[in-house]
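See below for the structure under consideration.
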Amino acid sequence: NFNDNDGFTELYTVFPEMMWYGWDDAQNGGSSVLIPHYGPDSIFTKYIVPYEGMGKVVHIQFAYGNKIADPCAGIGCKSQLLNKKYYINLSKMTAISFYVKGKGSIRVAFTSKKIYDYPAGNNWGHMQKTITLPSQWQQVTIPVSELVPPSGTQQQLDGLKWQDVRDSIKAI
């Protein structure tokens, strides 16, 4: 839920032609994996199912490897209209809410055209928040004021805020 009082409470209503995708560090020599293993987006979407009282959920496990210093794996969503460079305007969003459970922590990030427009090497400091996962299903709400660039990035040094990028979101 984007908590913006516009009635759109599911990602499918915000991103046209939305697709879910996954990634891991295997292509960089790592050993992290998603369980079940992600495949073409048409297959990956079969893991998005209705769950009583919570709308739709996706159940994916992440197993972090130990072959590289910074193991990573994740899932995201974006528009399939990539050739049209589609961006959504989330200017009305005051917070994002979702249900989550697990072990460890996850990073919730919003990628934006304005950050991709930084010069190569400095275009990765997307607005994000890391949360510790509860052991039981729990609703988490992240106010936009808590979405910040990672420490030490050019975007953090420039003082970039949600208000600066919210009108050109490419992926979550």
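Every number in this note's numbering is 990 more than the matching position in the sequence shown, counting from 1. Idealized CB from N, CA, C, for every residue including glycine.
### Message
Taking its Cβ as the centre, do 16 or more other Cβ atoms sit within 10 Å of P1030, making it buried, or is it exposed?
### Response
Any reading at P1030 needs caution, since the residue's pLDDT is 48, under 50, leaving its predicted position unreliable; the model's value is listed next. P1030 should be labelled exposed.
### Query
Is the beta carbon of I1050 sitting closer than 9 angstroms to the one on G1012?
A distance below 9 angstroms separates the beta carbons of I1050 and G1012.
### Query
Distance, Cα to Cα, S1102 vs V1134?
Spanning the two alpha carbons is a distance of roughly 14 angstroms.
### Task
Just the C-alpha distance for A1053 and K1151, rounded to the nearest angstrom, thanks.
Their backbone Cα atoms lie some 32 angstroms apart in a straight line.
### Rounded straight-line distance, which links the Cα of N1112 to that of Q1145
Going from the Cα of Q1145 to the Cα of N1112 covers about 8 angstroms.
### Task
Note down, in chain order, each residue of its chain lying with its Cβ closer than 7 angstroms to the Cβ of D1154, except the 5 sequence neighbours on either side.
Within the same chain, K1104 come within 7 angstroms of D1154 by CB-CB distance, once the 5 residues on both sides are set aside.
### Query
Three-state secondary structure (DSSP) at Q1126?
If DSSP states are grouped into helix, strand and coil, Q1126 belongs with coil.
### Query
Enumerated in chain order, which unbroken segments of the alpha helix (DSSP H) with a length of 4 residues or greater are wholly contained in the stretch 1088-1120?
Contiguous alpha helix (DSSP H) elements confined to the stretch 1088-1120 occur at 1103-1106, taking only those with 4 or more residues.
### Query
Which of helix, strand or coil does DSSP assign to L1147?
In this structure, L1147 counts as helix in the three-state DSSP scheme.
#### Entry: Local Cβ density within 10 Å of G997, reported as buried at 16 or more and exposed below that
Reliability fails at G997, whose pLDDT of 48 lies under 50, so the model's placement of it is uncertain and no value is given.
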